[in-house]
Amino acid sequence: YLLGGKAGDGTPVTPKYVGRRRLMETAVATLATDRALLLLGVPGTAKSWVSEHLAAAIMGDSTLIVQCTAGTDENQIRYGWNYAQLLAKGPSQEALVPTPLYRAMQTGKLCRLEELTRMGSDVQDTLITVLSEKMMPIPELNTSIYAQRGFNIIA
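As structure tokens, then:
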């Protein structure tokens, strides 16, 4: 898809990416071996474009995205709460509001984290358990969510 070639039925596929082929091969190999992909580069080098197209090509969905800023907190990464439900019924699965990362874990898809380096290191630490154990603890519900096969992160 990104590099062009021929589809299974012989239909020619035009390249979407023009650059060093080895970079795309390494990116795909990284994701295929169940490791997260970190794209580094100066502004304007198409990191967001590459992450969007990789997610679309691999999963058919590039919409699970967290836009990170200096104000991004742990709740925007892990999960949030519907406070009306939380006050009415207490902590419950119905009161939990899933983030794109949470939904990616549930469905086994890729989650894109844009501008990862802009958020604080304490918030980045939230991702350590998710990346290493493929699980996210939910202490309020005394449970954890385990990532479905296929889940990964592109940042």
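Residue 164 is where the sequence shown ends in the numbering used here, and the numbering goes up by one at each step.
Each residue gets a CB set at the ideal place from its N, CA and C atoms; glycine is no exception.
Can the beta-carbon of residue i be found less than 8 Å from the beta-carbon of residue j?
{"i": "Ala165", "j": "Leu73", "result": "Outside the shown range of the chain (10 to 164) lies residue 165, about which nothing can therefore be said."}
{"i": "Pro100", "j": "Leu150", "result": "yes"}
{"i": "Ser57", "j": "Ala65", "result": "no"}
Helix, strand or coil: how does DSSP classify residue i here?
{"i": "Pro21", "result": "strand"}
{"i": "Pro146", "result": "strand"}
{"i": "Lys98", "result": "helix"}
{"i": "Asn91", "result": "coil"}
{"i": "Thr152", "result": "strand"}
{"i": "Gln157", "result": "coil"}
Straight-line CA distance for residue i to residue j?
{"i": "Ala164", "j": "Glu124", "result": "7 Å"}
{"i": "Thr39", "j": "Arg29", "result": "16 Å"}
{"i": "Gly117", "j": "Arg31", "result": "26 Å"}
{"i": "Thr1", "j": "Tyr92", "result": "This structure does not reach residue 1, given that the chain is present from 10 up to 164, and the question cannot be answered."}
{"i": "Gly17", "j": "Pro24", "result": "16 Å"}
{"i": "Leu12", "j": "Tyr111", "result": "30 Å"}
{"i": "Gln115", "j": "Pro109", "result": "10 Å"}
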